């Protein structure tokens with residue numbers, strides 16, 4: 003028994019759902035999950051299914067799918083084998099709370115992925131990586147060496163066949179070149195309720211503005227800073243008694259949970275991106 | 003153009019989704035919403051669709067649906083015309099906060115229903131009903147007259163062709179007979195986070211237990227007190243500084259929102275009930 | 003028995019709390035509530051007490067308070083008789099959800115204030131005002147008549163000895179002159195999680211940005227738009243399935259609760275403002 | 003400069019706050035935090051202060067405090083040196099998520115305590131303890147050896163001068179004898195929103211009841227199971243799509259945060275217990 007995940011989107015039009023479910027039934031698949039969404043502003047249809055097959059050839063299925071559906075409806079499509087674990091690279095710097103949290107979940111079996119490597123511009127988290135038995139690569143980054151460092155990073159990512167990248171408080175701007183290689187595949191955690199407090203030191207800005215609630219936002223990286231598609235957000239109540247340090251401490255818990263949730267959505271192929279927004283099929 | 007809502011459930015088996023979507027396509031319907039759920043413990047399949055038809059005969063559709071699908075899969079099924087506004091009766095007593103809230107939403111167009119009548123065992127809310135132009139029936143209830151009162155209530159409900167009942171803090175036990183007439187169609191708001199603090203005076207119990215969070219629960223009435231299928235719950239933080247009166251005040255806001263949300267789910271045909279639990283297709 | 007509320011702030015220095023509590027004890031007062039806060043960035047001390055007195059002369063107390071404490075510590079201070087109900091003016095336009103909500107709470111006894119009048123630039127909510135027996139003044143506002151209208155408003159506020167103003171979705175910019183007359187006494191509800199989505203149509207902006215959480219913010223009006231001291235904020239989860247209309251509907255519940263909470267904090271003299279931020283003594 | 007934390011409670015009566023703040027001023031202390039609460043049902047006054055002293059002798063201060071205040075007002079009292087780090091013992095079993103979380107916070111400096119030892123009835127978490135450099139004691143517990151095991155535990159706790167115990171998913175019933183030794187000093191995390199779902203397997207019960215929200219509760223252990231004073235609670239939304247396994251996964255995040263918050267309140271001497279309820283001075 004194989005479980006297959008299909009994501010499609012195309013211009014909205016009558017009969018898509020019937021065509022797809024029909025195709026699956028004719029291919030002897032049993033749909034165990036189906037969800038769809040219509041973006042009425044741009045008139046785009048999104049769909050995600052999970053389907054079980056007794057006998058399955060990805061090659062044949064894809065070929066037929068293309069002929070019978072993709073061409074007809076002018077679809078964008080992705081088909082995944084649900085068993086396949088995507089390969090996640092972690093980029094970290096000095097903060098350890100998100101890294102701990104991710105690796106703890108990984109070890110507990112909560113994350114259906116592999117973690118072939120951790121890349122960091124500092125050595126601080128090397129022992130943490132060792133404790134969890136994940137290869138750790140130290141690639142220092144300075145203004146002068148940034149371009150060179152990135153080449154090295156890309157080389158490592160390629161070698162390890164990395165599918166997506168998580169910036170677990172990496173604290174470095176990612177170049178457009180890197181983003182092009184991993185479009186909608188680099189997940190960042192921003193420590194504010196975007197679009198409030200874009201940029202550096204959001205807790206300082208939140209403190210200054212006297213907000214009563216702080217937030218955290220996980221999003222895909224795009225070239226425009228902190229403006230990529232939002233995957234997940236959450237918040238916590240604060241008050242005038244919170245110092246900046248208190249906000250940072252409280253925020254760490256948010257960051258961990260928001261990032262972990264975003265990672266799980268991505269790993270489980272629940273996220274589709276269109277027009278700088280996400281459709282997330284829970 | 004007519005929009006039709008279909009709810010079905012049956013034993014889980016291969017090919018249901020394809021069969022249903024196929025049937026709809028062959029009936030020239032365009033599915034604009036589809037969601038499904040499989041209860042793996044009892045092996046039950048649930049599905050809800052919204053479908054648009056250019057030309058539509060409910061009679062013909064139902065007849066074909068029955069022949070081609072219901073009999074084959076041994077389905078339980080409901081088909082609604084999305085335009086039809088269900089008729090909601092409000093049962094109230096003396097508390098006005100939930101009543102205000104519901105009628106305010108009703109007037110603003112937020113609730114896709116009709117409110118043919120309000121029934122109360124007290125006269126306190128008669129002017130409120132008048133302000134919103136809803137017929138108000140005063141049916142006093144005492145131990146001695148309870149059975150008689152209920153006959154009168156049932157008579158009124160029948161006359162006004164009421165589809166479902168909302169107990170907006172009605173404060174009276176509903177009899178098994180009434181429940182039988184409106185199975186999974188009587189919505190109650192309980193002022194605690196069920197199953198904590200079942201029964202009367204939950205805020206007093208919450209105060210005594212020293213909880214840090216209070217809740218409210220909206221559920222369908224069943225014969226067992228406060229044990230019916232839960233439709234919606236929400237909570238609010240409290241602290242040692244809250245007196246019982248403060249808990250009650252804070253709780254009123256919860257009750258309003260939780261009840262309104264449950265009503266909307268019911269009105270929009272998003273709730274299915276099975277085995278004393280709800281499946282809610284958002 | 004009289005209950006007196008005292009708010010003070012001054013430069014932080016040793017011995018203030020002892021001096022104040024001492025002074026109260028020597029005045030035969032019994033402190034039933036005390037809270038304090040030190041803003042360590044600007045080194046400012048804030049304090050709020052509630053004190054009960056058997057015999058009390060406000061005049062004598064204020065005079066002694068000034069001599070013994072205010073002059074010594076260079077305090078800013080406010081003293082209120084807890085029984086006194088502040089007079090609240092409501093400014094409304096066409097949206098009724100916040101108005102209903104406030105008047106419903108007022109009638110239920112939840113708000114310790116008087117509402118001498120409602121002012122509106124439209125006639126839509128006149129019947130609502132009538133239902134709750136609150137005088138309603140219709141003062142149309144156009145670009146040409148804005149200055150004139152404001153003179154009329156100020157005249158009415160003065161006549162009715164209004165203490166503070168609530169903009170219950172009033173939808174008009176308040177002039178600097180009006181703000182000067184009611185500094186930190188004009189409460190607004192903004193339908194976003196400030197500082198995200200400043201300005202008009204925040205739900206449209208939130209929709210465009212694809213946020214997963216929407217918010218509402220109640221704040222005191224200052225000359226800079228949507229930048230005044232924040233009193234209360236709250237949020238609700240949304241998803242890609244929410245249309246702008248859904249966001250607006252969901253947001254209305256937030257607006258009601260956030261505004262009501264802010265009003266209660268203000269009425270109960272729990273808010274102090276310093277440096278464009280609030281200190282709120284719960 | 004020494005910072006001293008004072009907790010007192012006694013029958014409510016006039017003049018306590020003035021007497022205490024006066025005493026502190028006369029002892030040349032500068033109050034930097036003060037909070038109080040009156041339990042009006044039992045007429046009990048609670049107070050907590052943080053005070054800074056240039057020169058301080060704990061012995062002298064305590065002696066004077068007793069003579070001048072405790073005897074006069076018949077107070078219960080506790081005085082702590084804020085610098086002193088309480089010694090926390092962790093009891094664990096096989097689940098690692100709460101242990102990781104606590105030790106991660108400990109290492110990041112978020113917890114103002116020492117952790118002299120971890121005690122477990124299983125060996126599973128020994129490597130985790132080693133990674134964080136905390137001594138790990140394996141004391142197996144069977145029905146036959148339970149009494150003996152407890153003697154060994156108590157011996158270890160005494161040797162390491164443990165101040166309080168955290169049951170980080172320890173999964174064993176604590177005896178009355180152990181509870182007597184650490185009254186209101188044994189913190190447990192229960193994986194439900196108490197008092198709903200007392201006892202074992204609360205996620206299974208929550209699933210069966212079809213709740214829309216799950217919770218976690220941290221409380222002090224008392225002889226009655228899951229009925230001790232509640233320190234902290236939090237919740238998360240769930241739906242019909244959550245399997246029991248999903249509830250457990252979601253619940254783990256709650257448990258971590260709720261337990262960590264409770265530990266911080268305890269460590270920072272913010273919790274007072276009276277009549278099986280907590281007063282928590284934030």
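Residue numbers (the numbering used here), protein chains in the order written: chain H, 3 to 284; chain Z, 3 to 284; chain S, 3 to 284; chain X, 3 to 284.
Every residue, glycine too, gets a C-beta built ideally from N, C-alpha and C.
Fair warning: this is a prediction, and the values are worked out from it, not measured in the lab.
A straight-line Cα-Cα distance of about 40 Å links residue 55 of chain H and residue 171 of chain X.
Between residue 198 of chain Z and residue 197 of chain X a beta carbon distance of about 5 Å is seen, short of the 8 Å cut, so the two are scored as contacting. Using a Cβ-Cβ cut-off of 9 Å, residue 211 of chain H is close to 196, 197, 229, 232, 278 and 279 of chain S, given in chain order. Straight across, the Cα-Cα distance linking residue 36 of chain S with residue 267 of chain S is about 16 Å. Residue 283 of chain X carries a coil assignment under DSSP once its states are collapsed to helix, strand and coil. For the 8 Å CB-CB criterion, residue 186 of chain S and residue 231 of chain S form a contact. Straight across, the Cα-Cα distance linking residue 91 of chain H with residue 254 of chain S is about 42 Å.
Contact between residue 273 of chain H and residue 235 of chain H does not hold, since their C-beta atoms are separated by about 14 Å, which reaches or exceeds 8 Å. With a cutoff of 8 Å on beta-carbon distance, residue 242 of chain H and residue 281 of chain S are scored as near each other. In this structure, residue 181 of chain H places its C-beta atom within 8 Å of the C-beta atom of residue 223 of chain H. Beta-bridge pairing by DSSP links residue 89 of chain S to S:116. Less than 8 Å divides the Cβ of residue 201 of chain Z from the Cβ of residue 227 of chain Z. Interface annotation, residue 178 of chain Z: not in contact with chain H, CB-CB separation never under 8 Å. Chain Z places a beta carbon closer than 8 Å to that of residue 37 of chain H, counting this residue as a contact. Annotation for residue 25 of chain X: the continuous alpha helix (DSSP H) segment containing it runs 18 to 28. Counting the other CB atoms within 10 Å of its CB gives residue 175 of chain S a total below 16, which places it among the exposed residues. In the DSSP assignment, residue 214 of chain X falls outside any alpha helix (DSSP H) and carries neither an H nor an E.
Short of 7 Å from the beta carbon of residue 70 of chain Z, and not among the five residues preceding or following it, lie these beta carbons of its own chain, in chain order: 25.
Of all residues in the stretch 81 to 102 of chain X, only 98, 99 and 102 place a beta-carbon less than 8 Å from a beta-carbon of chain H.
Per the DSSP secondary-structure output, residue 192 of chain H pairs in a beta bridge with H:219.
Considering only beta carbons, the part of the stretch 240 to 259 of chain S lying closer than 8 Å to chain H consists of 241, 242, 243 and 245, in chain order. Exclusion of the five residues before and after residue 133 of chain S leaves no residue of its chain whose Cβ lies closer than 7 Å to its Cβ. Beta-bridge annotation (DSSP): residue 12 of chain X is paired with X:47. DSSP lists no bridge partner for residue 3 of chain H. Between the stretch 117 to 126 of chain H and the stretch 140 to 153 of chain H there are three or more inter-stretch CB-CB distances shorter than 8 Å, so the stretches are counted as touching. In its chain, beyond the 5 residues on either side, 215, 216, 217, 218, 219, 235 and 237 have a beta carbon closer than 8 Å to the beta carbon of residue 195 of chain Z. Per DSSP, residue 103 of chain Z is one residue of the alpha helix (DSSP H) stretching across 99 to 109. Put simply, of Z:43, Z:52 and Z:44 the residue whose alpha carbon is nearest the alpha carbon of residue 23 of chain Z is Z:52.
Closest option to residue 212 of chain X, judged by alpha-carbon separation, among Z:164, Z:245, Z:155 and Z:275: Z:275.
Between residue 112 of chain H and chain X, the shortest Cβ-Cβ separation is below 8 Å. If you look at residue 261 of chain H, you'll find it in the alpha helix (DSSP H) that goes 246 to 269. For residue 94 of chain Z, same chain residues with a beta-carbon under 7 Å away, outside a window of 5 residues either side, are 101, 120, 122, 127, 170, 171 and 172 in chain order. In the DSSP assignment, residue 166 of chain H falls within the unbroken beta strand (DSSP E) covering 166 to 169.
A distance of 8 Å or more separates the beta carbons of residue 75 of chain S and residue 38 of chain S.
Residue contact check for residue 214 of chain H against chain S: a CB pair falls below 8 Å. Closest in alpha carbon position to residue 96 of chain H, among X:110, X:84 and X:78, is X:110.
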